[in-house]
């Protein structure tokens with residue numbers, strides 16, 4: 012195998028690059044239960060990033076609460092935004108359209124995030140791990156919702 016062939020064999024595709032970035036972004040999260048990262052792209056360009064956590068400037072769960080942040084009635088964090096929400100909100104706040112974008116996220120979208128993703132007209136979602144498996148629930152409601160309404164959703168597979 013010559014140099015050019017060897018280089019092509021180790022050259023990552025964009026799905027790998029963006030999922031690697033989402034995994035690294037997840038490490039920024041102060042969540043004590045699950046660290047999730049997200050990357051929004053259009054035409055192989057990053058348009059926004061996000062990770063789960065409380066609104067900027069409010070608190071850090073791992074620093075401000077001895078046993079993690081307070082939970083809502085479903086046992087989820089009552090104070091944090093999800094990684095997908097943070098990425099979408101940041102883009103919107105800065106006047107960047109997410110319509111037609113691809114979202115890379117380390118945990119498949121919950122049903123609430125799925126509704127936001129659909130409403131914002133994101134066309135493709137690639138996830139690393141199942142939200143249903145993480146939460147111990149029978150189905151990935153968010154994934155099913157997105158697929159039902161025409162959003163392409165794929166589980167990430169490293170090549």
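Residue numbers (our numbering): 12 to 170.
Positions of the beta carbon are idealized from the N, C-alpha and C atoms, including for glycine.
Beta-carbon separation (whole angstroms), residue 50 vs residue 101, contact threshold 8 angstroms: To locate residue 50, count along the chain shown from 1; it is residue 39. To locate residue 101, count along the chain shown from 1; it is residue 90. So it is not a contact: roughly 11 angstroms between Cβ atoms.
Rounded separation between residue 65 and residue 37 - CA only: Along the chain shown, one-based indexing puts residue 65 at 54. Along the chain shown, one-based indexing puts residue 37 at 26. Straight-line spacing of the CA atoms in residue 65 and residue 37 works out to 14 angstroms.
Close beta carbons around residue 122, own chain, < 7 angstroms, minus the five adjacent residues each side: Locating residue 122 in the chain shown gives position 111, where the first residue counts as 1. Cβ within range, chain order: 152, 153, 156.
CB contact flag (residue 167, residue 137, <8 angstroms): Against the chain shown, residue 167 aligns to sequence position 156. Against the chain shown, residue 137 aligns to sequence position 126. With contacts defined by Cβ atoms closer than 8 angstroms, residue 167 and residue 137 form a contacting pair.
Check whether residue 52 and residue 113 have beta carbons under 8 angstroms apart: The count along the chain shown starts at 1 and reaches residue 52 at position 41. The count along the chain shown starts at 1 and reaches residue 113 at position 102. Going by C-beta atoms, residue 52 is nearer than 8 angstroms to residue 113.
Continuous alpha helix (DSSP H) stretch holding residue 130: start and end: Mapped onto the chain shown, residue 130 falls at position 119. Start and end: 122-130.
Among 93, 144, 125, 109, nearest to residue 59 - alpha-carbon criterion: Stepping through the chain shown from its first residue, residue 59 is reached at position 48. Taking only the C-alpha atoms, the option nearest residue 59 is 109.
Buried or exposed by the 16-neighbour rule on C-beta atoms within 10 Å, applied to residue 148: Counting from 1 along the chain shown, the entry for residue 148 is found at position 137. By the neighbour-count rule (16 or more Cβ atoms within 10 Å), residue 148 is not buried but exposed.
Assigned secondary structure, residue 103 (DSSP; H/G/I helix, E/B strand, else coil): Position 92 of the chain shown, counting from 1, holds the residue named residue 103. Helix, per DSSP.
Host alpha helix (DSSP H) of residue 109 (start-end): Taking the first residue of the chain shown as position 1, residue 109 is located at position 98. Element bounds for residue 109: n/a, residue is neither H nor E.
Closest residue to residue 39 among 97, 145, 28, 159 (Cα-Cα distance): Walking along the chain shown from the start, residue 39 turns up at place 28. Nearest option by C-alpha distance: 97.
Among 54, 56, 31, the one whose alpha carbon lies nearest that of residue 48: In the chain shown, counting from the first residue as 1, residue 48 sits at position 37. Checked all of 54, 56, 31; the closest Cα to residue 48 is 31.
Alpha-carbon spacing of residue 27 relative to residue 159, whole angstroms: In the chain shown, counting from the first residue as 1, residue 27 sits at position 16. In the chain shown, counting from the first residue as 1, residue 159 sits at position 148. Those two C-alpha atoms are separated by around 26 angstroms.
Nearest candidate by alpha-carbon position, reference residue 44, set 170, 163, 146, 169: Taking the chain shown and counting its residues from 1, the one referred to as residue 44 is at position 33. Looking at the Cα atoms, 146 is the closest of the given residues.
Residue 29 classed as buried or exposed, judged by whether at least 16 other C-beta atoms fall within 10 angstroms: In the chain shown, the residue the question calls residue 29 occupies position 18. Under this definition residue 29 is a buried residue.
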